[in-house]
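Per this note's numbering, the very first residue in the sequence shown carries number 99; after that it's consecutive.
Using N, Cα and C, we set each Cβ at its ideal position, and we do this for glycine too.
Remember, predicted model here, so these are calculated numbers, not experimental data.
Following: one structure in structure tokens, then a few remarks.
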Amino acid sequence: MGALPVFRWRLAPDGYATRRQLRAVGLRPGGQDVAAQLERPRWTRAGR
99 MGALPVFRWR LAPDGYATRR QLRAVGLRPG GQDVAAQLER PRWTRAGR
């Protein structure tokens, strides 16, 4: 199994969707494997 691509927050290419986004349009993940990971920023209260 190869490594997953990792995309920075808000920089994933078109065609990728989160579970929440799929649910909003009446779809759901059908048992497919994970296709990529999102890297979220880690802000602290002082660092915003």
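Q.
From the DSSP secondary-structure annotation, give me the bridge partner or partners of Arg-47.
A. Examination of residue 47 is not possible in this model, given that the chain is present from 99 through 146 alone.
Q.
Tell me the rounded alpha-carbon separation between Ala-122 and Thr-142.
A. As a first step, residue 122 is located in the sequence shown; it is residue number 24 there, counting from the start. As a first step, residue 142 is located in the sequence shown; it is residue number 44 there, counting from the start. If you take the alpha carbons of Ala-122 and Thr-142, they lie about 29 Å apart.
Q | Gln-119 - DSSP class collapsed to helix/strand/coil | A | As a first step, residue 119 must be located in the sequence shown, where it is residue number 21. Of the three classes helix, strand and coil, the one that applies to Gln-119 here is helix, per DSSP.
(Q) Looking only at its chain, what residues have a beta carbon closer than 7 Å to the beta carbon of Ala-133, apart from the 5 residues adjacent to it on each side? (A) Looking up residue 133 in the sequence shown gives position 35. Within the same chain, Ala-133 has close Cβ partners Tyr-114.
**Q.** Met-129 to Glu-137 span [Cα, whole Å]
**A.** Counting from one through the sequence shown, the residue named residue 129 turns up at place 31. Counting from one through the sequence shown, the residue named residue 137 turns up at place 39. For the record, residue 129 in the displayed sequence is Gly; it is not Met. Each residue's Cα considered, the two are about 22 Å apart.
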